[in-house]
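Worksheet: one structure, shown below.
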Amino acid sequence: MQPAANVTSGDVLDWHAIDWKRVYRTVKNLRQRIFRASREGDLHRVRSLQRLMLRCTANVMESVRRVTQVNQGKMTAGVDQVVTTTPEERGALCRKLHQLELHKVHPVRRVYIPKKKGQRPLGIPTIEDRCVQAMVKNALEPFWEARFEGISYGFRPGRGCHDAIEKVLRVARPNTTRPWVLDADIEGAFDNIGHTALVKAIGHFPARELLKQWLKAGYMEEDMWHATDAGVPQGGVISPLLLNVALHGMEQALGSYYTPGGTFRGKYALIRYADGTPVQA
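So the mapping is simple: my numbering equals the position in the sequence shown, first residue as 1, plus 20.
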């Protein structure tokens with residue numbers, strides 16, 4: 021199969037000539053192959069397909085288009101004050117990101133948005149970092165989607181609040197033997213993720229070193245650099261996925277499990293959802 025467009029150091033990429041249907045089809049196909057290999061427990065094949073995704077020209081193009089044309093914060097700059105607005109700039113960015121091993125992570129730009137009580141801090145990565153995060157997410161997400169607990173509904177493709185509500189109604193049916201309900205909120209969930217545990221959970225993912233750099237990149241506020249010893253920046257493309265990875269295993273921690281036939285067994289039933297849309301730059 022011919023690529024949708026060539027991305028080499030000596031070519032000028034015609035952004036308008038890209039076959040976007042082929043680009044999206046290629047990325048979707050690779051995601052599905054990673055998902056199936058993960059579901060089958062073939063870790064060697066998973067890693068091979070993840071490396072292929074990270075090198076894939078279609079993944080580069082799809083990620084650049086998503087960040088610079090589709091996402092809500094496409095005109096929001098990071099610490100470098102750079103936004104990518106023209107087809108020529110997007111083509112140049114594709115050529116640059118095709119050499120992923122040369123990418124250098126930047127600190128995020130700290131901004132604040134109002135909330136009911138006080139303000140919420142956001143970390144805005146550079147456009148380039150957000151594109152790389154989108155590329156990495158396409159390689160990492162399908163692996164975890166094949167493994168995530170069924171009771172997890174927040175920040176997941178193809179799942180939403182109505183699915184969580186339906187699950188609540190099934191669990192809280194009138195003939196249940198569970199006498200009480202606990203409604204709990206994880207305060208500062210994004211800000212308090214332990215880096216060591218998260219990196220351990222990620223395992224030998226091909227872009228593991230990039231993930232570690234993002235975790236330790238720090239943030240800039242009023243021209244001062246601040247270290248980040250915990251958490252992920254709420255505003256990063258990959259942050260919601262990393263939050264779900266960090267929270268994976270809650271059902272098992274409660275002692276719940278499923279029989280080979282899929283029947284739930286356990287004293288406690290858990291349903292996890294995020295009560296808002298993540299702010300992605």
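Ideal Cβ positions, reconstructed from N, Cα and C, are used throughout, including at glycine.
Going by C-alpha distance, which of the options is nearest residue i?
i	options	result
A266	V201, F210, T46	F210
I291	G93, D183, K94	D183
I133	V103, I144, H123	I144
E82	K41, P127, A57	K41
L122	E148, Q139, G138	E148
K137	E207, S276, R285	E207
H215	G223, W200, R228, K232	K232
Just to confirm the assignment, what range does the beta strand (DSSP E) spanning residue i have?
i	result
Y132	128–134
R51	Counting along the chain, R51 falls outside any beta strand (DSSP E), though it belongs to the alpha helix (DSSP H) covering 40–59.
W245	244–246
I185	Premise fails: I185 lies in the alpha helix (DSSP H), 181–191, not in any beta strand (DSSP E).
L142	139–144
Considering only DSSP beta bridges, list what residue i is partnered with.
i	result
F284	Y278
R292	S172
Mapping the DSSP letters down to three states, classify residue i as helix, strand or coil.
i	result
L218	helix
E241	strand
R176	coil
L230	helix
Q254	coil
L262	helix
N212	helix
A204	coil
K236	helix
Identify the continuous alpha helix (DSSP H) that holds residue i and give its terminal residues.
i	result
Q153	147–165
E271	270–273
Which ranges does the alpha helix (DSSP H) cover as unbroken runs of at least 4 residues, wholly within the segment 61–118, from first to last along the chain?
63–75, 77–85, 107–117
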